[in-house]
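**Q** I have a structure I would like to understand better, so I am pasting it below and will then ask my questions one at a time.
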Amino acid sequence: MAQATETATGTTASWDGEGRVKVVGILCNWCSYAGADGAGTARLRQPFDFRIVRVPCTGRIDPLHILKAFEKGADGVLVSGCHPGDCHYAEGNYYARRKLELLERMLPQLGFEPERFKYTWVSASEAQRWQQVVTEFIKGVEKLGPREGRAL
Amino acid sequence: MSPANGNYEEVEQRIRELARTALEEGRVDYFIGWTAGYNESEVIPGFVRSADRVDALVWNPLAAYNLTAFLKRKMPDPPQAKIGLAVKGCDSRTLVSLLQEELVDRERLYVVGVPCEGIVNRRAVSKVFANEVVKIEVEDDTISVTNQDGETKQLAREEYLLDHCRSCKYPNPRYFDDLAGEAVTEPEDQAPMWREIEEFEALPEAEKDRLMAEAFEKCIRCYACINACPVCYCWDNCVCRARQPKLVSQKVNAQENLMFQMVHMFHVAGRCPSCGNCDRACPVEIPLYLLHRKMNKELKEMLDFEPGIDLEQKPVFQTFDVNDPFGQH
Amino acid sequence: MRIGVFVCHCGTNIAATVDSEGIAARAGELKGVVHTEDIIYTCSEPGQHAIQQAIREKNLDRVVVAACSPHMHEVTFRRTVEGAGLNPYLFEMANIREHCSWIHPDKPEGSEKAYDLIKMAVAKVRDLEPLYANEVEVNKDVLVIGGGVAGIQTALDLAEAGLKVTVVEKETTIGGTMAQLDKTFPTIDCSACILTPRMVDCSQHENIEIMAYSEIDRVQGYVGNFTVDIRKKASMVDWDKCIGCELCQQKCPAKAPDAFNEGIATTKAIYIPFPQAVPKKAAIQVDYCRWFQEGKCRVCERVCPADAIDYEQQDEFVQKEFGAIVVATGQDVFPWEDYYHEYGSGRIPDVISGLQYERMLNASGPTHGHVLRPSTMGQKDVEPEEPKTVVFIQCIGSRDESVGRPYCSNVCCMYTAKQAILTKDHVGMETEVYVFYIDIRAFGKGYEEFVKRAQTEFAVKYVRGRVSKLYEERGKVKVRGMDTLLGKQVEIDADLVVLASGITAADGASELAQRLNISYDQYGFFKESHPKLRPLETNTAGIFLAGACQAPKDIPTTVAQASGTAAKVLGLLAKDKLKTSPMIARVDQNRCVSCWKCIEVCPFSAPEKEELRDGSYKSHIIETVCQGCGICVATCPVNCIDLKGFGTQSVLDQIEEVLLT
């Protein structure tokens, strides 16, 4: 299992430290949050620069929440929910998918590098996939570094 | 856009006749159309409440205002008023959006469709003189601009039309009760043109970021954009002015201003055909089209969707397709 | 605001990589926090007691517990704070174990992140308000999907307890896989002798309605009040008239593959799967029926003494209401032919699956219990031969990453031992019987002894190793493999090879899961709510699991689980009213602009137009219908709908709090 999940510097224990990025995850309760739980139970190491907000469903996420996270200083935002067809509430991720796709396509217009936002689907049984998704996403954000002097 | 046929007077007469008949027959309480501005460089919205006032209505390539903005929920006064109004091709698309969502009462509307051959970009034209422009006239392919000193310049019409008129796919109204004049020839299979958007897209991220910051720094949060927007309807309850949840603060800085505009953008996504009312209303000339035209470009790519075309269609964000061609995994 | 923060050590689970004591002290600096404490095991009795004591002594009005995942102990701690008189919804968990201490080995980093997670939880708990559960009436009828041994057991237990049960079975008879089995391990008692009386009990029980040849079309509603559309498939036979006399089957001129006998025999286009079928009703397989395919025949119609044949029959839809649903849809046999090309992909007649062999061993099976080489069966002038050498190969579609089945199917070791013994019993002790195995997993009661008996008493030769190739040569099946204990190649000339095909998720399992809104894993098995704490429940309240649809299981485990599930259902339906979660959407009607987008998007039809006294209409969410997904909240342009417990402001505050370090 990939263990190369350390952060760029790995020395300072502060989110504000040099080279550190701040990544917010918004996860649905039923699939991805449980998948992340599973990754923890399996002791799958994951990047440190990541904080998870739990919501019942990706359908509960307004793209504006993500923009707000960026405005408040997030360097990356990762949204994850149940796979299409598997939503606990049957349809929430289908609505979310359209909104999040539009957001993803709009962000470059505001000067965001595409690597700073991703939406994906991770089920409750996909602990390893979760580790992989979060590790790769944060690597991408780390490569870009913190956002500075930004419009939003 | 094809060169102007110049039958503006004919269409103008027709609008007046249709408005007069509707007022005389009591089918409408008032008619919303375009009327002369305070000089000949401008056309502004006007409400005509009696048949003998219909001659105030005008139609020419300066009639930019999307009058459906006056239909916003709860705006009509009195609330049960029957309203007549004139719509161009693009205006009718916002009307279709409003009807799709049942945000206007179809029963109380009388819609006069106006075939349109393109509207002059008044803001660009008025900048050809350093001092005030008092008259703008269009004849065939030429725009004549006259300033307060009586000097006149001739401009190529094609270059001084509004962006979205240059690549207009729907010059004829999509929805109306009566059409004023004959439909103009629609361009065949014209793909929507996104030239300005593509040019901006091609810029490096940092440059886009800088340009957005620069543009939005100027915003004075006068809310003219959303007040002029025909599909934005929350009025006093707008989330941008709500205390909770605090999505946008009242602070005026580039970030908050952009955030405010993103709220607007996401709330009109799939409903806004980019009629440009917001751009024209902005007193500090923020290029809002960079947001809403980009949004429509993406919706076209994502869902092959153009807002305000089909009355039967559900607004795209209030429905879904399990086979949407993105976000599969 | 008086917030208490309790930071758990979880023994060393958290404290090894998170300085629980240090961050508890630091949390005292957060706005509104008046009490902090670190506890070795917060979920233990003294831990919970400490929380309650602090609530009383310090007059706390909000509580944050930083410990494991809320999926683990949120319910536990809500009860704890409620026990101390605090509203249970004024509580929030910070997940510093699964999302922190277990994934970050570095203590300073782990502590920093854990502190951030606490900050977020404190930010959220500040936004919470007391919530009060609603009550809904409960429908006490139960739907059991699947009529195998799991479904039968659950249905009988529930019916005995007085509940009305509907069993929906997709085949024409209940019985499931167990009905196909000859004997059961480790007792070698007759499968049918155990099962068929239970099937009959089911059909005769006044509280059980069996809907065979039916499938679930749509499920709506929620715990206590499900509305289910059931599709009764057209059998082309009027079951109200059919008396199960089998005359039609005897006279039918059209052959059809016999699914019940796993394809080693044929049946007729009109058929009853087996003599003890319940209900014992005929059905036409239209793909093989001459009338449907060629437009002539109608023999069955002529011979039917009950006038039951109805060629015009259409699928019928029935809508029923239930309070709880038990999913007991079982499993399928791994389709080895599609994967194991080195074993001939099904083209070698004398290589068969374990379940096919089971049918052959069965006295009412196609060979009447005689073990025969399929290559010698059904041919003119050829006397069917008994095999002299039989080879069993285990772990076919189990413990095999290369075919996408890394899991153990649980039953194959034991059924192979059983079949090896039965081979000796049916054919004779002189028969050579080999079993190729990887490991023998004989974990159940009496299982190890059973395998030992096969090895010693019945002299079954167990060879540890994998068979690399099977091919036909001179009328034999060449078995080429490796004996890894001796470290040498083995070659056996077999007359019959039986592959211990493993268990795979039932066909259509994922589609059913989607209809029920329950989770399933990558193999298609349904996911329990928690493997240890809630193994019979799904994550969807009111929907339970029984049997192999959850994971491969043998019969004793299946039956035990099925009874456990029945007990869970009884526990749920013992109440006349159910408390519904108060974490639902609510509309601030003062700000509603009546755009009705909420009504458009709600999957549950919870929002409605409510007429106010001034004659205007505003959105109103029906509390007992709302499931708390929050789609409407994200859709409402004025954000006048909020989700209790997951409020928009609390989402924004958590993000802001953690970013503004």
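Chains as they are written, first to last, in numbering that gives the first Met the number 0: chain A, 0 to 151; chain B, 0 to 328; chain U, 0 to 660.
C-beta atoms are modelled at their ideal positions from N, C-alpha and C, and glycine is treated no differently.
In this text the structure is predicted, and so the values were computed from the model without any measurement.
1. Could you list which residues in chain B have their beta carbon closer than 8 Å to that of A:Lys142, in chain order?
2. So U:Leu577 packs on U:Val326, CB below 8 Å; how close in whole Å?
3. Could you check whether U:Trp238 and U:Pro278 sit closer than 9 Å to each other, using their CB atoms as the reference points?
4. Beta carbons nearer than 7 Å to chain A: which residues of the segment 623-652 of chain U have them?
5. Return the Cβ separation of U:Ile661 and U:Ile144 in integer angstroms, given the expectation that the two are a contact with Cβ distance under 8 Å.
6. Which residue from U:Ser467, U:Leu180, U:Glu315, U:Ser401 puts its Cα closest to that of U:Val236?
7. So, is B:Tyr37 buried or exposed, given that buried needs 16 or more other C-beta atoms within 10 angstroms?
8. Let me know if U:Lys657 comes out buried or exposed under the rule of 16 or more other beta-carbons within 10 Å of its beta-carbon.
9. Since U:Ile554 is in the alpha helix (DSSP H), which residue starts that stretch and which ends it?
10. List the endpoints of the continuous beta strand (DSSP E) containing A:Trp120.
11. Counting only beta-carbon separations shorter than 9 Å, does A:His87 have a partner in chain B?
12. Measure the alpha-carbon distance for A:Arg44 versus U:Asn206 and round it to whole angstroms.
13. With a threshold of 9 Å between beta carbons, is A:Gly75 in contact with chain B?
14. If the cut is a Cβ gap below 9 Å, which residues of chain U does A:Pro145 touch?
15. Using alpha carbons as the reference points, say which of B:Leu290, B:Cys167, B:Cys233, B:Cys277 lies closest to B:Glu197.
16. What are the complete alpha helix (DSSP H) segments, minimum 4 residues, inside the segment 131-203 of chain B?
17. Give the residues of chain A in contact with U:Asp662, contact being defined as C-beta atoms less than 7 Å apart.
18. At a CB-CB cut-off below 8 Å, which residues of chain A make contact with U:Trp101?
19. Assign U:Ile242 to buried or exposed, taking buried as 16 or more other Cβ atoms, counted over all protein chains shown, within 10 Å of its Cβ.
20. With the cut-off set at 9 Å, would you say A:Glu141 and A:Asp36 are in Cβ contact?
21. Listing by chain order, which chain U residues have their CB less than 8 Å from the CB of A:Gly80?
22. What are the boundary residues of the alpha helix (DSSP H) that B:Thr20 is part of?
23. Identify the residues that DSSP records as bridge partners of U:Ala266: which are they?
24. By DSSP, does U:Glu536 sit in helix, in strand, or in coil?
25. Throw me the rounded Cβ distance for the U:Met582 and U:Gly541 pair, which I believe falls under 8 Å.
26. Could you work out which residues of chain A lie near U:Pro104, taking near to mean beta carbons separated by less than 8 Å?
27. Any beta-carbon of chain B closer than 9 Å to the one on U:Trp595?
28. Note down, in chain order, every chain B residue with its Cβ under 8 Å from the Cβ of U:Arg585.
29. Is there at least one non-hydrogen atom of the ligand NAP closer than 8 Å to the beta-carbon of A:Lys142?
30. Where does U:Ser344 land, buried or exposed, given buried means 16+ other C-beta within 10 angstroms?
31. Can you list the alpha helix (DSSP H) stretches of 4 or more residues lying completely in the segment 158-207 of chain U, in chain order?
32. Against B:Leu102, what residues of chain U qualify as contacts under a CB-to-CB distance less than 7 Å, listed in chain order?
33. Kindly list the residues whose CB is nearer than 6 Å to the CB of U:Ala66, restricted to its own chain and excluding five residues on each side of it in sequence; keep chain order.
34. Can you tell me which of U:Ile95, U:Val148, U:His34, U:Asp520 puts its alpha carbon nearest to the alpha carbon of A:Asp85?
35. Is there a Cβ of chain U sitting closer than 9 Å to that of A:Ile51, yes or no?
36. Taking the CB atoms as reference points, tell me whether U:Val135 and U:Glu91 lie closer together than 9 Å.
**A** In terms of the structure at hand:
1. Simply none; closest approach about 13 Å.
2. That belief does not hold up - the Cβ atoms of U:Leu577 and U:Val326 are roughly 20 Å apart, past 8 Å.
3. yes
4. Gln626, Gly627, Cys628, Gly629, Ile630, Val632, Ala633, Leu642, Phe645, Val650, Leu651
5. This structure does not reach residue 661 of chain U, given that chain U is present from 0 up to 660, and the question cannot be answered.
6. U:Glu315
7. exposed
8. Note that residue 657 of chain U is Val in the sequence shown, not Lys. Counting Cβ neighbours within 10 Å, U:Val657 comes out buried, since at least 16 surround it.
9. 554-572
10. 116-120
11. no
12. 53 Å
13. no
14. Neighbours of A:Pro145 on chain U: none; closest Cβ ~11 Å, over 9 Å.
15. B:Leu290
16. 162-165, 194-200
17. Since the first residue of chain U shown is 0 and the last is 660, residue 662 of chain U is not available in this structure.
18. Gly39, Thr40, Arg42
19. exposed
20. no
21. Here the premise fails: no neighbours, minimum Cβ distance about 11 Å.
22. 7-23
23. First, the amino acid is wrong: residue 266 of chain U is Thr here, not Ala. U:Thr266 pairs with U:Ala255.
24. strand
25. Actually they are not in contact, since the Cβ atoms of U:Met582 and U:Gly541 sit about 17 Å apart, beyond 8 Å.
26. Arg44
27. yes
28. Residues of chain B passing the Cβ test: none, with the nearest at roughly 13 Å.
29. What this structure holds is no ligand at all, so the ligand NAP is not there to describe.
30. exposed
31. 190-203
32. Cys594
33. Cys7, Thr41
34. U:Asp520
35. yes
36. no
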